[in-house]
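Undergrad:
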Amino acid sequence: MAQVTLSNVKKVYAGGVEAVKGVSFDIPDGGFCVLVGPSGCGKSTLLRMVAGLETISHGEVAIGERVVNQVEPADRDIAMVFQNYALYPHMNIYDNMAYGLRNRGTPKDEIDKRVKEAARILAIEPFLERRPRQLSGGQRQRVAMGRAIVRKPQVFLFDEPLSNLDAKLRVQMRVEIKKLQRALGVTAIYVTHDQVEAMTLSDKLVVMNAGQVEQIGLPAEVYRKPASKFVATFIGSPPMNILPGAVDGHGIVALGDAIIEVRDLREDLAVQAPVEVGLRPEDVEIASEGQAGSLPFDVEFIEELGATQLFHGKLAGQPFVMQAATGEVAAQEGRLWITVDPDKVHVFDPKTGARLGKG
Amino acid sequence: MVEDRRMGDLIAYVILTIGVLIVAFPVWLTFVASTWDASTVINGEMPLYPGPYFLENYKRILFVGTSSTTREPVAVMMLNSFIMAITIALGKIFISVLSAYAVVYYRFPFRMAAFWIIFITLMLPVEVRIFPTFKIVSDLNMLDTYQGLAIPLIASATGTLLFRQFFMTIPDELLEASKIDGAGPFKFFKDTLIPLSMTTIAALFVIQFIYGWNQYLWPLLVTTKDSMQTIVIAIKKMIVTADALTEWQLAMATAMLAMLPPVFVVIAMQRLFVKGLVETEK
Chain A
1 MAQVTLSNVK
11 KVYAGGVEAV
21 KGVSFDIPDG
31 GFCVLVGPSG
41 CGKSTLLRMV
51 AGLETISHGE
61 VAIGERVVNQ
71 VEPADRDIAM
81 VFQNYALYPH
91 MNIYDNMAYG
101 LRNRGTPKDE
111 IDKRVKEAAR
121 ILAIEPFLER
131 RPRQLSGGQR
141 QRVAMGRAIV
151 RKPQVFLFDE
161 PLSNLDAKLR
171 VQMRVEIKKL
181 QRALGVTAIY
191 VTHDQVEAMT
201 LSDKLVVMNA
211 GQVEQIGLPA
221 EVYRKPASKF
231 VATFIGSPPM
241 NILPGAVDGH
251 GIVALGDAII
261 EVRDLREDLA
271 VQAPVEVGLR
281 PEDVEIASEG
291 QAGSLPFDVE
301 FIEELGATQL
311 FHGKLAGQPF
321 VMQAATGEVA
331 AQEGRLWITV
341 DPDKVHVFDP
351 KTGARLGKG
Chain B
1 MVEDRRMGDL
11 IAYVILTIGV
21 LIVAFPVWLT
31 FVASTWDAST
41 VINGEMPLYP
51 GPYFLENYKR
61 ILFVGTSSTT
71 REPVAVMMLN
81 SFIMAITIAL
91 GKIFISVLSA
101 YAVVYYRFPF
111 RMAAFWIIFI
121 TLMLPVEVRI
131 FPTFKIVSDL
141 NMLDTYQGLA
151 IPLIASATGT
161 LLFRQFFMTI
171 PDELLEASKI
181 DGAGPFKFFK
191 DTLIPLSMTT
201 IAALFVIQFI
211 YGWNQYLWPL
221 LVTTKDSMQT
231 IVIAIKKMIV
241 TADALTEWQL
251 AMATAMLAML
261 PPVFVVIAMQ
271 RLFVKGLVET
281 EK
């Protein structure tokens, strides 16, 4: 168990391409940190630098008290689960799990104990004699986890471990990973591009974009108060609506003809300054026609999701999506009047994408 | 429909049978000729069924040899051929696995240059570089030795290319998982790469063994002693064109014997061999 600290970590490839542009954060002992971002944002590179599979161009990575920049992957006391599992196809499941321990000279009976223990935890005992190719995707995934567990590492590293599984299994394994990590109390770093995994697994969410950290925080915090337009649209499904608007006074922005109140808005902004207004599809409430502060929303079509419905249409001339529990709103096209809670309006700088909040 | 399919099957069988007969008939003829006595074969009235001299002919050729042309029993030549073929096959596998490993997994200066130099040797088989190669072998006093027979034929790029292509299909994560599991370069090679390459190795072994066994030109050049000659050369020597009487039944028996080891190798390794050539699943 150990804390992981990254200080100004950079990755510069030959040719000058900066894949990771100076990232600093730390993960407390036993924490579950998820790195999330679109492909190519540098999240995997960052993870691989922690693992020791990529050299660190600049900055420091420390596991516990020890700076590991120059330490071999095998000696960093980490275990990694790969996207394609990377099981040794020619070894049976037992050997797959035991291989790392054998290489470091763990006594035979200790290896046996640990492998059996891991197999029991992961319910893969019946497969120990089989080869990876004889197992299903979910079972291989467990073996990959088992290979990580038996080493009793200080840090688990997960590189999109669930993306090769089907949707149902993914949800199931997601829960299992979280349970397991809690039970073992091992610090974990988990890379994914799936925002649902990111939200559900993390107790520290790091949103990355183009080699930089956009926001670090608790998942709920990141969701409720996104630090940038990028985070706002990346986290949450369906994504947040972004509408062009303008400042109309203290705590007021104009959206076309309508004006709405905003609680979290910087006060030094000039009137008429252009801004972008973010509204989450589920943060919209139905109002009666002509109610003060209500906005007209022209519904064009409706998507059924079972428990909820998505209303697609136009608000102030811009595409807009609203989400409502099924039955709450009459599912028909035409004009609706909506209001938004001033606490749930997000305002961003149209140029930089930064949140224009109070601080 | 059922009728049609039967017709189709029948036609397929007929065509296949004709093909097999065309290929097999000369082999059968060779076998038949090796079981008669010299005069029956020579006078052109040899029947198409085996004769009574099977044991006699084979015993004589294996342990005594022909009277004038080769002067050594064929058993010795088979041993020579076998040593040459197996050295070429194993040597080539050894060298090409190692060089492909280096080219694929190590980043060293002039790596691609090294690869291309290996690659262009494909254009320089023994036949092309025969004089310089002969000169080197003779300067190294390797004429009439097994080393001289085998080593120049080991050097070629086919195996390196085959293994390079195979290694490149092995996912990088396997190497990374090995690194995290504490396996160094040699351990990764021994514990992961070699076991995964077994079918490819088997395929290369079969091809190279037969390639080595069938060598004609090179052994003809570097062997002068009777005791070093290979079986393929011996067959040629036995078929005399002038002055002497060709002992056809013995030449044919030698040809039959020369066919056996490659056939055994193919049969023994058939399963692995086919897998190695067609299997892509890792």
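Just so you know, the protein sequences line up as chains A and B, in that order.
Counted the way the working numbering counts, the first sequence spans residues 1 to 359.
Counted the way the working numbering counts, the second sequence spans residues 1 to 282.
Glycine included, C-beta positions come from ideal geometry on N, C-alpha and C.
Small disclaimer: the values here were computed from a predicted structure and weren't measured.
(1) At a Cβ cut of 7 angstroms, what residues of the region 189–210 of chain B count as close to chain A, listed as they run along the chain?
(2) With three or more beta-carbon pairs closer than 8 angstroms as the criterion, would you say the region 159–175 of chain A touches the region 78–90 of chain A?
(3) In three-state DSSP terms, what is M252 of chain B?
(4) Let's test the definition: count the other Cβ atoms within 10 Å of the Cβ of W290 of chain B and tell me whether it reaches 16, buried, or not, exposed.
(5) Spell out the partners DSSP gives T192 of chain A in its beta bridges.
(6) Could you spell out the range, first to last residue, of the beta strand (DSSP E) harbouring S7 of chain A?
(7) Could you give the DSSP three-state label for F82 of chain A: helix, strand or coil?
(8) Specify the secondary structure class of P219 of chain A as computed by DSSP and reduced to three states.
(9) Determine the direct distance from the alpha carbon of D77 of chain A to that of D264 of chain A, and round the result to whole angstroms.
(10) Whole angstroms is fine: what's the gap from N103 of chain A's alpha carbon to K179 of chain B's?
(11) For a contact defined as C-beta to C-beta under 9 angstroms, what are the partners of R360 of chain A on chain B?
(12) In whole angstroms, give me the CA-to-CA distance for V321 of chain A and D95 of chain A.
(13) Looking at C-alpha atoms only, which residue of A:Q3, A:L46, A:E72, A:T45 is the closest neighbour of P185 of chain B?
(14) Which residues does DSSP list as the beta-bridge partners of A325 of chain A?
(15) On a Cα-Cα basis, can you pick out the residue from B:V263, B:T70, B:M269, B:G159 that is closest to F115 of chain B?
(16) Who pairs with M246 of chain A in a beta bridge, going by DSSP?
(17) Assuming I338 of chain A and I260 of chain A form a contact by the criterion Cβ under 8 angstroms, report the distance between their Cβ atoms to the nearest whole angstrom.
(18) Near T285 of chain B, what residues of its chain come up, given a Cβ to Cβ distance below 6 angstroms and the 5 sequence neighbours on each side ignored?
(19) Let me confirm a value: I22 of chain B is counted as buried when at least 16 other C-beta atoms fall within 10 Å, else exposed. Which label applies?
(20) Suppose the cutoff is 6 angstroms on Cβ atoms and the five residues either side in sequence are ignored; what does the same chain contact list for L180 of chain A look like?
(21) Of all the options A:E125, A:L255, A:A316, A:L135, which has the alpha carbon lying nearest to the alpha carbon of L165 of chain A?
(22) Is the shortest distance between the beta-carbon of P368 of chain A and the beta-carbons of chain B less than 7 angstroms?
(23) For R142 of chain A, which of A:G40, A:A119, A:R133, A:I252 has the nearest alpha-carbon?
(24) Do A316 of chain A and L255 of chain A have their C-beta atoms within less than 7 angstroms of each other?
(25) For a contact meaning CB atoms closer than 8 angstroms, what does K187 of chain B contact in chain A?
(26) Is there a Cβ from chain B that is less than 7 angstroms from the Cβ of L53 of chain A?
(27) Name the residues in the region 63–90 of chain A whose C-beta lies less than 9 angstroms from a C-beta of chain B; which are they?
(28) Apply the 10 Å Cβ neighbour rule to V213 of chain A and answer buried if 16 or more other Cβ atoms are within range, or exposed otherwise.
(29) Go ahead and pull the three-state DSSP assignment for M1 of chain B.
(30) Kindly indicate which three-state DSSP category P361 of chain A falls into: helix, strand or coil?
(31) If contact means a Cβ-Cβ distance below 8 angstroms, which residues of the region 150–177 of chain B contact chain A?
(32) Secondary structure at W116 of chain B, three-state DSSP: helix, strand or coil?
(33) Please determine if the region 186–201 of chain A and the region 144–158 of chain A are in contact, where contact requires at least 3 C-beta pairs separated by less than 8 angstroms.
(34) Please report whether the beta-carbon of Y99 of chain A lies at a distance below 7 angstroms from any beta-carbon of chain B.
(35) So K237 of chain B and T70 of chain B are in contact, right, with Cβ under 8 angstroms, and what is the actual spacing, rounded?
(36) Comparing C-alpha positions only, which one of A:P319, A:A292, A:A325, A:S288 sits nearest to G306 of chain A?
TA: Straight from the coordinates:
(1) T192, P195, L196
(2) yes
(3) helix
(4) The shown model of chain B, from 1 to 282, leaves out residue 290 of chain B, and the question about it has no answer.
(5) A:V36
(6) 4–12
(7) coil
(8) helix
(9) 44 angstroms
(10) 10 angstroms
(11) There is no way to answer for residue 360 of chain A, as the model of chain A reaches only from 1 to 359.
(12) 52 angstroms
(13) A:E72
(14) A:T308
(15) B:G159
(16) In the sequence as presented, Met is not what sits at residue 246 of chain A; that position holds Ala. DSSP output for A246 of chain A lists A:A254, A:P274 as bridge partner(s).
(17) Rounded, the Cβ-Cβ distance is 10 angstroms, inconsistent with contact.
(18) Because residue 285 of chain B is not part of the residues shown, which for chain B are 1 to 282, the question remains open.
(19) exposed
(20) none
(21) A:L135
(22) It is not possible to answer for residue 368 of chain A, since the shown part of chain A is limited to 1 through 359.
(23) A:A119
(24) yes
(25) N103
(26) yes
(27) E72, P73, A74, D75, R76, I78, A79, M80, F82, Q83, N84, Y85, A86, L87, Y88, P89, H90
(28) buried
(29) Residue placement at M1 of chain B cannot be trusted, given a pLDDT of 49 that sits under 50; what the coordinates show is reported in the next sentence. Coil.
(30) There is no way to answer for residue 361 of chain A, as the model of chain A reaches only from 1 to 359.
(31) P171, E173, L174, E176, A177
(32) helix
(33) yes
(34) yes
(35) 5 angstroms
(36) A:A325
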